[in-house]
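Note that this note's numbering has the sequence shown beginning at 2, numbered continuously upward. Structure first, commentary second.
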Amino acid sequence: MKQWVLPYFCAALALLAVGLPLKTRLDAPRFGAPAIVPAGKAFEVSFATSLPFVPWRAAAGALERQWGLRLEQGGRRILSHRQSGNQHWITLADPTPVAGALRLPVDGLEHWSEGAVPDRLVLVHVADFPSTGREAMLERFVDEMAVLKPHAVLASGDLAYDSSAEWYTFLVGQLRRLEVLGIPVIACPGNHERGGWARYLNTFGLNTTHRVNLGPFAILSLDSAHGRDRLTPSQFQWFQDQLDHLEGRVPLIQLHHPVFPPGPAIHGNGEKSGGPLFGYRDGLVKLCVERQVPIVLTGHWHQDAVFDATGRFRDDTADFPGTKFVVTTALGDALRRVTRWPLSYYGYRILVTEKGRLLRYTQDLPGQPSPTPIASTPSGTWLRGGRP
Numbered sequence: 002m003k004q005w006v007l008p009y010f011c012a013a014l015a016l017l018a019v020g021l022p023l024k025t026r027l028d029a030p031r032f033g034a035p036a037i038v039p040a041g042k043a044f045e046v047s048f049a050t051s052l053p054f055v056p057w058r059a060a061a062g063a064l065e066r067q068w069g070l071r072l073e074q075g076g077r078r079i080l081s082h083r084q085s086g087n088q089h090w091i092t093l094a095d096p097t098p099v100a101g102a103l104r105l106p107v108d109g110l111e112h113w114s115e116g117a118v119p120d121r122l123v124l125v126h127v128a129d130f131p132s133t134g135r136e137a138m139l140e141r142f143v144d145e146m147a148v149l150k151p152h153a154v155l156a157s158g159d160l161a162y163d164s165s166a167e168w169y170t171f172l173v174g175q176l177r178r179l180e181v182l183g184i185p186v187i188a189c190p191g192n193h194e195r196g197g198w199a200r201y202l203n204t205f206g207l208n209t210t211h212r213v214n215l216g217p218f219a220i221l222s223l224d225s226a227h228g229r230d231r232l233t234p235s236q237f238q239w240f241q242d243q244l245d246h247l248e249g250r251v252p253l254i255q256l257h258h259p260v261f262p263p264g265p266a267i268h269g270n271g272e273k274s275g276g277p278l279f280g281y282r283d284g285l286v287k288l289c290v291e292r293q294v295p296i297v298l299t300g301h302w303h304q305d306a307v308f309d310a311t312g313r314f315r316d317d318t319a320d321f322p323g324t325k326f327v328v329t330t331a332l333g334d335a336l337r338r339v340t341r342w343p344l345s346y347y348g349y350r351i352l353v354t355e356k357g358r359l360l361r362y363t364q365d366l367p368g369q370p371s372p373t374p375i376a377s378t379p380s381g382t383w384l385r386g387g388r389p
């Protein structure tokens with residue numbers, strides 16, 4: 002009987018292959034987790050097919066047809082390929098130089114070609130997006146980024162309080178406007194994405210934990226929304242592995258939930274925010290200190306906050322040694338009074354770096370010391386001619 006199992010199995014696969022169209026799922030690089038690589042440097046395309054054991058050339062052809070892209074075009078070439086069951090990995094290299102530009106969107110693979118990287122990089126961190134009825138706030142944010150021209154936008158969750166198809170169409174349209182401006186978007190999910198999880202995964206891909214290299218930085222995005230504010234064992238192991246293989250890059254971390262609880266910094270009923278990350282908070286903080294991570298970016302509270310590695314609320318100074326554990330105000334959802342920090346406004350956070358070193362992460366505000374501790378940049382600052 003056993004000798005008939007394999008022939009029957011192969012026959013069933015053949016019938017499926019004839020009767021069903023071959024579909025693919027592009028896993029990486031994806032929208033929100035692009036590949037940003039210098040000309041000629043290899044990058045990997047990961048995808049799955051709806052049927053197992055499909056020859057890689059046939060699988061690549063199905064990927065190209067479904068996603069409207071070409072793996073080999075111009076000077077780009079396939080260097081290697083491997084597969085396991087229905088999962089495929091194809092390594093590509095694009096030798097096309099990019100003169101006088103940091104990055105340029107190349108194709109439907111979310112592949113950006115990196116040219117001459119300036120010493121001074123400006124990154125923007127944002128979280129807790131506007132919800133339905135406040136679409137104009139997100140449109141104005143994109144308008145403001147067109148003036149500021151950061152080198153990337155890091156979006157740390159709660160991008161979609163509304164999980165409808167209409168909201169995702171609008172959201173993606175606005176984020177694509179940033180990409181047209183030459184500004185890649187690097188995203189991770191928050192707890193509100195769980196309300197429409199399938200739509201988030203269809204939009205941003207299955208890799209909710211990922212790494213994007215940008216110039217001197219390795220941007221590590223974590224998914225803290227397992228059970229609201231938790232990391233998983235496999236995710237924490239991935240985080241450790243990435244810190245062990247930085248290849249000389251400086252790690253920047255983003256996740257949705259604050260690492261530290263509010264403690265004496267709290268006002269109101271936010272005690273559940275900033276939990277222990279399912280027991281991994283201490284380990285995460287320890288690794289950040291040991292590996293000299295300059296900053297960890299979070300959202301969720303809808304108000305600014307900054308902590309040092311001991312969990313102390315640092316409203317006394319913006320300039321203190323060690324890792325900064327930062328919470329950025331909401332871009333557009335309802336503001337809250339969470340900490341004793343007296344200022345509350347919609348906004349985003351500007352990070353100014355030079356040669357991989359963090360120079361500024363707060364915004365000077367009128368009537369406050371310079372550099373102002375805690376503060377992110379109020380929305381509209383750059384439309385009014387402000388400076389970071």
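All C-beta atoms, glycine included, are put in the ideal place defined by N, C-alpha and C.
With 16 as the cutoff for other CB atoms within 10 Å, does residue i come out buried or exposed?
| i | result |
| --- | --- |
| leucine 223 | buried |
| aspartate 120 | exposed |
| arginine 385 | exposed |
| lysine 273 | Confidence is the limiting factor: at lysine 273 the pLDDT is only 49, short of 50, which leaves the residue's position unreliable, though a coordinate-based value still follows. Under this definition lysine 273 is an exposed residue. |
| histidine 246 | exposed |
| serine 377 | buried |
| glutamate 145 | buried |
| proline 185 | buried |
| arginine 83 | exposed |
| glutamate 248 | exposed |
| glycine 216 | buried |
| serine 225 | buried |
Taking just the CA atoms, how far does residue j sit from residue i?
| i | j | result |
| --- | --- | --- |
| valine 55 | tryptophan 302 | 47 Å |
| leucine 80 | glutamate 73 | 10 Å |
| alanine 199 | leucine 332 | 24 Å |
| alanine 137 | tyrosine 346 | 16 Å |
| arginine 104 | arginine 358 | 20 Å |
| alanine 63 | isoleucine 187 | 27 Å |
| valine 107 | alanine 60 | 22 Å |
| threonine 299 | threonine 25 | 33 Å |
| proline 259 | valine 327 | 8 Å |
| leucine 125 | tyrosine 362 | First, the amino acid is wrong: residue 125 is valine here, not leucine. Going by the C-alpha atoms only, they are around 9 Å apart. |
| alanine 100 | tyrosine 281 | 43 Å |
| asparagine 270 | histidine 89 | Unreliable placement is indicated for asparagine 270, whose pLDDT of 42 sits below 50; no coordinate value is reported for it. |
| arginine 58 | glycine 206 | 23 Å |
| arginine 350 | leucine 23 | 44 Å |
| aspartate 316 | arginine 337 | 17 Å |
Check whether the Cβ atoms of residue i and residue j sit closer than 8 Å, and answer yes or no.
| i | j | result |
| --- | --- | --- |
| leucine 288 | leucine 232 | no |
| proline 98 | alanine 43 | no |
| serine 51 | leucine 70 | no |
| tyrosine 162 | threonine 204 | no |
| phenylalanine 171 | aspartate 334 | no |
Quick test of your reading: residue i and residue j, contact by CB under 8 Å. State the CB separation rounded to the nearest angstrom.
| i | j | result |
| --- | --- | --- |
| tryptophan 239 | threonine 210 | 6 Å |
| threonine 324 | alanine 306 | Actually they are not in contact, since the Cβ atoms of threonine 324 and alanine 306 sit about 14 Å apart, beyond 8 Å. |
| phenylalanine 237 | glycine 284 | 7 Å |
| histidine 152 | asparagine 192 | Contact doesn't hold; Cβ gap of about 28 Å is too wide. |
Ignore the nearest five residues each way along the sequence and tell me which others in residue i's own chain have a CB closer than 8 Å to its CB.
| i | result |
| --- | --- |
| alanine 94 | Gly41, Lys42, Ala43, Phe44, Arg77, Arg78, Leu80 |
| valine 290 | Ala310, Gly323, Thr324 |
Which residues in the same chain have their Cβ closer than 7 Å to the Cβ of residue i, if we skip the five residues on either side of it in sequence?
| i | result |
| --- | --- |
| alanine 102 | Gly116 |
| glutamate 111 | Pro30, Arg31, Phe32, Pro35, Ala36 |
| leucine 179 | Val143, Met146, Val154, Val186 |
| leucine 244 | Pro252, Leu288, Arg292 |
Below 6 Å CB to CB, which residues in the same chain sit around residue i once its five sequence neighbours on both sides are set aside?
| i | result |
| --- | --- |
| alanine 1 | Residue 1 lies beyond the range of the chain shown here (2 to 389); nothing can be said about it. |
| proline 379 | Tyr346, Gly348 |
| leucine 149 | Trp383 |
| isoleucine 220 | Ile187, Val213, Leu253 |
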